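Student:
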Amino acid sequence: RREGTETFNQNIGRYRIPPLLRLPAFLNAADAILSNTETAEDLRLLLNEGSPLGGARPKSAVIDNDGHLAIAKFPKNDDDRSIPHGEVLAMTLAAAAGINVARATLLDVAGRPVSLITRFDRDGDRRIPFVSAMTLLGLNDGDDATYTDIAEIIRMYSSAPTEDLHELWRRIVFNVMVGNLDDHLRNHGFLYDRDNTWRLSPAYDLNPVPLTEKARELTTWISEEGPDADLDLARAAAPYFALDAARSNAIIEEVATALDGRRQMARMLRMSTSDLAAHATAIEGAA
Numbered sequence: 003r004r005e006g007t008e009t010f011n012q013n014i015g016r017y018r019i020p021p022l023l024r025l026p027a028f029l030n031a032a033d034a035i036l037s038n039t040e041t042a043e044d045l046r047l048l049l050n051e052g053s054p055l056g057g058a059r060p061k062s063a064v065i066d067n068d069g070h071l072a073i074a075k076f077p078k079n080d081d082d083r084s085i086p087h088g089e090v091l092a093m094t095l096a097a098a099a100g101i102n103v104a105r106a107t108l109l110d111v112a113g114r115p116v117s118l119i120t121r122f123d124r125d126g127d128r129r130i131p132f133v134s135a136m137t138l139l140g141l142n143d144g145d146d147a148t149y150t151d152i153a154e155i156i157r158m159y160s161s162a163p164t165e166d167l168h169e170l171w172r173r174i175v176f177n178v179m180v181g182n183l184d185d186h187l188r189n190h191g192f193l194y195d196r197d198n199t200w201r202l203s204p205a206y207d208l209n210p211v212p213l214t215e216k217a218r219e220l221t222t223w224i225s226e227e228g229p230d231a232d233l234d235l236a237r238a239a240a241p242y243f244a245l246d247a248a249r250s251n252a253i254i255e256e257v258a259t260a261l262d263g264r265r266q267m268a269r270m271l272r273m274s275t276s277d278l279a280a281h282a283t284a285i286e287g288a289a
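Structure follows, in structure tokens:
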């Protein structure tokens with residue numbers, strides 16, 4: 003199913019998007035499905051009420067307390083660290099680093115963390131068309147492309163190419179410095195603007211990956227020079243993103259300054275000591 007084809011309203015045929023108060027039931031159903039002990043009611047909850055959503059981790063569509071459509075992402079019982087804490091930490095730090103990012107909050111559901119991500123492809127009841135970078139590049143799952151390839155489609159399709167190029171390069175720097183390594187082509191998106199043009203969508207699916215779990219390599223390479231999550235490679239590619247050395251170095255400093263607040267933000271999110279230690283190996287410069 004292509005991105006942008008989903009149409010989530012509060013009523014979708016036989017589906018009804020539930021409120022947050024249904025999250026404990028959804029979490030229990032997700033646990034049962036992951037442990038192969040699900041009942042017919044568990045399947046009904048997630049496939050009907052929660053609506054079917056793709057991806058590697060259990061999630062559900064919900065309506066937040068402000069009436070906005072959102073996605074609740076659940077933990078797994080066998081997680082070695084709190085993935086919801088890591089995602090909300092990364093999303094919050096990205097916003098502090100000047101990145102246009104989806105709104106992310108952390109919920110406590112029956113004593114367990116759940117990340118709540120507000121959908122950005124809505125303007126009230128109106129759906130804003132969304133496509134992934136993979137779609138605009140004409141590629142399929144498993145095909146390779148680089149950030150410089152995404153820069154080319156920005157030049158072709160964006161209504162504000164310079165602004166989007168600068169934003170994308172800032173995201174490269176952030177991904178390198180926080181270890182957001184699962185940056186595949188479905189995790190870069192565009193929202194329709196006007197007159198057959200698109201704008202880079204808010205960033206989403208940001209997750210720091212500790213060094214103990216994966217080599218420091220980006221899924222989407224910065225350029226043809228290789229997969230390394232390396233600031234020198236980012237600097238070398240900066241001209242592709244309409245940036246000179248002075249401005250690119252300034253962006254790196256801005257991102258680094260935002261990341262200096264990671265421990266304070268982790269404490270605000272009540273991240274455990276072990277989770278903080280794990281993410282310290284992901285976020286560049288952490289002790």
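When the letters of the sequence shown are read in order and numbered with the working numbering, they come out as residues 3 to 289.
Every residue, glycine too, gets a C-beta built ideally from N, C-alpha and C.
From a predicted model like this one, the values you see are computed outputs, not experimental measurements.
If I measure Cβ to Cβ from Thr-164 and keep anything under 7 Å in the same chain, skipping five residues before and after, which residues do I get?
Tutor: Around Thr-164: Ala-244.
Student: Rounded to the nearest angstrom, what separates Leu-233 and Asp-185 at their Cα positions?
Tutor: Their Cα atoms are separated by approximately 16 Å.
Student: What is the DSSP secondary structure of Thr-9, reduced to helix, strand or coil?
Tutor: Caution applies to Thr-9, whose pLDDT of 34 falls short of 50 and renders its modelled position unreliable; the value that the coordinates give is listed next. Thr-9 falls in the coil class under three-state DSSP.
Student: Taking Cβ positions, are Gly-191 and Ser-134 nearer each other than 8 Å?
Tutor: A contact, by the Cβ cut-off of 8 Å.
Student: Using the rule of at least 16 other Cβ atoms within 10 Å of the residue's Cβ for burial, across every protein chain shown, is Thr-39 buried or exposed?
Tutor: It is exposed - the Cβ of Thr-39 has fewer than 16 other Cβ atoms within 10 Å.
Student: Using C-beta distances below 8 Å, list every residue in its chain close to Leu-278, excluding the 5 sequence neighbours before and after it, in chain order.
Tutor: Counting only Cβ-Cβ distances below 8 Å, and skipping sequence neighbours, we find Arg-265, Ala-268.
Student: Give me whichever residues DSSP pairs with Ala-106 in a beta bridge.
Tutor: DSSP lists Ile-119 as partners of Ala-106.
Student: CA-CA distance, Thr-9 and Asp-123?
Tutor: Reliability of the predicted coordinates at Thr-9 is poor, the pLDDT of 34 falling under 50, and the value obtained from them is presented with this limitation in mind. Roughly 10 Å separates the two Cα atoms.
Student: Tell me, which residues are paired with Ser-225 by DSSP?
Tutor: Paired residues: Gly-228.
Student: Helix, strand or coil: how does DSSP classify Pro-241 here?
Tutor: The answer is helix: DSSP assigns Pro-241 an H, G or I state.
Student: On the criterion of 16 or more Cβ atoms from any shown chain inside 10 Å, does Ser-203 qualify as buried, or is it exposed?
Tutor: Burial call: buried.
Student: I need the boundaries of the alpha helix (DSSP H) containing Ala-217, first residue and last residue.
Tutor: Taken as a continuous stretch (DSSP letters only), Ala-217 belongs to no alpha helix (DSSP H), as it is neither H nor E.
Student: At which residues does the alpha helix (DSSP H) containing Ser-250 begin and terminate?
Tutor: Ser-250 -> alpha helix (DSSP H) spans 247-261.
Student: Hey, quick one: how far does the alpha helix (DSSP H) through Ile-156 stretch, first residue to last?
Tutor: Its alpha helix (DSSP H) spans residues 149-159.
Student: Closest to Thr-214 by C-alpha separation, out of Asp-125, Thr-283, Ala-147, Arg-129, would be which residue?
Tutor: Minimum Cα distance to Thr-214 is reached at Thr-283.
Student: Could you please give the first and the last residue of the uninterrupted beta strand (DSSP E) stretch that includes Leu-193?
Tutor: Counting along the chain, the beta strand (DSSP E) containing Leu-193 begins and ends at 191-194.
Student: Among Val-90, Leu-235, Asp-127, which residue has its Cα nearest to the Cα of Met-270?
Tutor: Minimum Cα distance to Met-270 is reached at Val-90.
Student: Can you tell me whether Glu-255 is buried or exposed? The criterion is at least 16 other CB atoms within 10 Å of its CB, across all chains shown.
Tutor: Its Cβ having fewer than 16 others within 10 Å, Glu-255 is exposed.
Student: Would you please verify whether the beta carbon of Ala-92 is less than 8 Å from any beta carbon of chain B?
Tutor: Going by chain labels, chain B is absent from the structure shown, which holds only one protein chain.
Student: Leaving out the 5 sequence neighbours to the left and right, which residues in its chain are closer than 6 Å to Pro-21 when beta-carbon positions are compared?
Tutor: Contacts found: Ile-65.
Student: Could you tell me which of Ala-104, Leu-193, Thr-222, Ile-73 sits nearest to Pro-131, measuring between CA atoms?
Tutor: Out of Ala-104, Leu-193, Thr-222, Ile-73, Leu-193 has the C-alpha closest to the C-alpha of Pro-131.
Student: Can you find the residues in the same chain that come closer than 7 Å, C-beta to C-beta, to Thr-222, ignoring five residues on each side of it along the sequence?
Tutor: Taken in chain order, the residues that qualify are Ala-147, Thr-148, Tyr-149, Asp-185, His-186, Leu-187.
Student: Per DSSP, Trp-200 forms a beta bridge with which residues?
Tutor: DSSP lists Ser-160, Tyr-194 as partners of Trp-200.
Student: Measuring straight from C-alpha to C-alpha, what distance separates Asn-30 and Asp-110?
Tutor: Their Cα atoms are separated by approximately 14 Å.
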